[in-house]
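To start, the structure itself, in structure tokens.
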């Protein structure tokens, strides 16, 4: 089964209410080796319980992403009107990145929250001496992108359950006791 088909199947099963452990066990089958690639695919689809628990933080993050898009659009517009083309490309790219991150975070795409955090950190590190940014606006902008970065990385951590690999005993076809590695999720 292709990875994209696996992702769709995992998403549909978890959104139907199955736990990550149930989905992993069903897709992994009776093999004796732990499949970390499958475990990662299952891990990054948040369960309905986790989505409900962090819904308020998710909505705040979506609002902050919308503010970031509006801010970038304002900077690009002021740079275009003021003939300051040097930052138009960078700010346009970040604005498009924030728009993609907004869509991805709203749909709980794989590691979308990390993308939003990375973009916000890039924006903080970028020089704030741009058209449209005055001395009074530097602190609120840094605060906006700082909160966006921290909140998005926090949500990425909290929405994705941890898993561990443990060795469990089993009896093989010859009647011998052996150990096999299995994946166990925290949920």
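In the numbering used here, the protein residues as written are 1 to 187.
The beta carbon of each residue, even a glycine, is placed where N, CA and C say it ideally should be.
Measure the alpha-carbon distance for residue i versus residue j and round it to whole angstroms.
i, j, result
"residue 20", "residue 185", "7 Å"
"residue 13", "residue 38", "14 Å"
"residue 61", "residue 114", "12 Å"
"residue 73", "residue 110", "26 Å"
"residue 93", "residue 178", "54 Å"
"residue 105", "residue 44", "12 Å"
"residue 64", "residue 116", "10 Å"
"residue 98", "residue 91", "10 Å"
"residue 164", "residue 88", "45 Å"
"residue 9", "residue 26", "11 Å"
"residue 147", "residue 138", "14 Å"
"residue 145", "residue 85", "23 Å"
"residue 4", "residue 78", "41 Å"
"residue 30", "residue 169", "14 Å"
"residue 28", "residue 107", "25 Å"
"residue 140", "residue 6", "43 Å"
"residue 112", "residue 126", "21 Å"
Let me check understanding here. Comparing Cα to Cα, which of the options lies closest to residue i?
i, options, result
"residue 189", "66, 182, 42", "Only positions 1 to 187 of the chain appear in the structure, and residue 189 is not among them; the question remains open."
"residue 103", "122, 69, 78, 74", "69"
"residue 2", "146, 41, 118, 158", "41"
"residue 71", "86, 156, 174, 142", "142"
"residue 156", "7, 46, 15", "46"
"residue 162", "147, 36, 30", "36"
"residue 52", "31, 32, 15, 28", "15"
"residue 173", "78, 32, 6", "32"
Report back the beta-carbon spacing between residue i and residue j to the nearest angstrom; my notes put them in contact at under 8 Å.
i, j, result
"residue 80", "residue 95", "Not a contact, Cβ separation roughly 12 Å."
"residue 181", "residue 167", "6 Å"
"residue 11", "residue 159", "With a Cβ gap of about 13 Å, residue 11 and residue 159 do not count as contacting."
"residue 34", "residue 183", "5 Å"
"residue 48", "residue 17", "6 Å"
Check whether the Cβ of residue i lies closer than 7 Å to any heavy atom of the ligand FMN, and answer yes or no.
i, result
"residue 1", "Inclusion of the ligand FMN in the displayed structure is not the case, the ligand content being empty and no account of it being possible."
| request: Scan the stretch 64-116 and note each continuous beta strand (DSSP E) run of 3 residues or more that stays entirely inside, going in chain order. | output: Complete beta strand (DSSP E) runs here, min 3: none at all.
(Q) Between the stretch 15-30 and the stretch 114-127, can you find at least three pairs of beta-carbon atoms closer than 8 Å? (A) No: the two stretches stay apart, fewer than three of their Cβ pairs being nearer than 8 Å.
Closer than 8 Å is the cut-off here; do at least three beta carbon pairs connect the stretch 42-59 with the stretch 142-159? Three or more beta-carbon pairs drawn from the stretch 42-59 and the stretch 142-159 are found closer than 8 Å, and the two stretches are therefore classed as touching.
Restricting to runs no shorter than 4 residues, where is the alpha helix (DSSP H) found entirely within the stretch 21-62? Listed in chain order, the complete alpha helix (DSSP H) runs (minimum 4 residues) inside the stretch 21-62 are 36-43, 48-53.
* Report the residue ranges of all alpha helix (DSSP H) runs contained in full by the stretch 122-182; include only those spanning at least 4 residues, in chain order. => Counting only runs of 4 or more, we get 135-159.
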